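Colleague:
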Amino acid sequence: MDFHVFVDRNDFHSGDPFNDRSLFNLMGDQWRKMRSVISPTFSSGKMRAMHPIIIDCVKRLEEYLEKKAANKEELEMKKIMGNLTMDVIASCAFGTKIDTLICRSEWDPEIVWE
Numbered sequence: 020m021d022f023h024v025f026v027d028r029n030d031f032h033s034g035d036p037f038n039d040r041s042l043f044n045l046m047g048d049q050w051r052k053m054r055s056v057i058s059p060t061f062s063s064g065k066m067r068a069m070h071p072i073i074i075d076c077v078k079r080l081e082e083y084l085e086k087k088a089a090n091k092e093e094l095e096m097k098k099i100m101g102n103l104t105m106d107v108i109a110s111c112a113f114g115t116k117i118d119t120l121i122c123r124s125e126w127d128p129e130i131v132w133e
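Take a look at the structure:
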């Protein structure tokens, strides 16, 4: 891979110290070091192992959406997709099923962030 080409890109700093230390915002040696730490997580074997976990989360989302559609409820898809993202990360990274769509008040991303 030609990842050495992508070491220094446009400056996307947001002023948020947490975001400014992400892989997308780092440059040079800091970027190389962070990428070498993160890369093994996304090997083809690890991604293959995560696939059934992700599918399980998506199936739970599908069931949730079908119930809401049957009741003709309006949905805030941005928030729902954020919840799906939290479910996938919690399941893949920590082996924890948090079901943010079912236990919404407990795992609301806005509440967790604050």
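Numbering of the sequence shown is given in my numbering, commencing with residue 20 and proceeding in unit increments. Backbone N, C-alpha and C fix where the C-beta goes; we use that ideal spot for every residue, glycine too. Source: prediction; values computed, not measured.
Which class does Glu85 belong to by DSSP, given the choice of helix, strand or coil?
Modeller: helix
Colleague: Leu42 to Ile99, Cα distance in whole Å?
Modeller: Approximately 25 Å between the Cα atoms of the pair.
Colleague: If you compare alpha carbons, which of Cys111, Leu103, Asn38 is closest to Met66?
Modeller: Cys111
Colleague: Can you check whether the CB of Val107 is closer than 9 Å to the CB of Ile72?
Modeller: yes
Colleague: Leaving out five residues on either side along the sequence, give the residues of the same chain with a beta carbon under 7 Å from the beta carbon of Thr60.
Modeller: Closer than 7 Å at the Cβ level, and outside the excluded window around Thr60, lies no residue.
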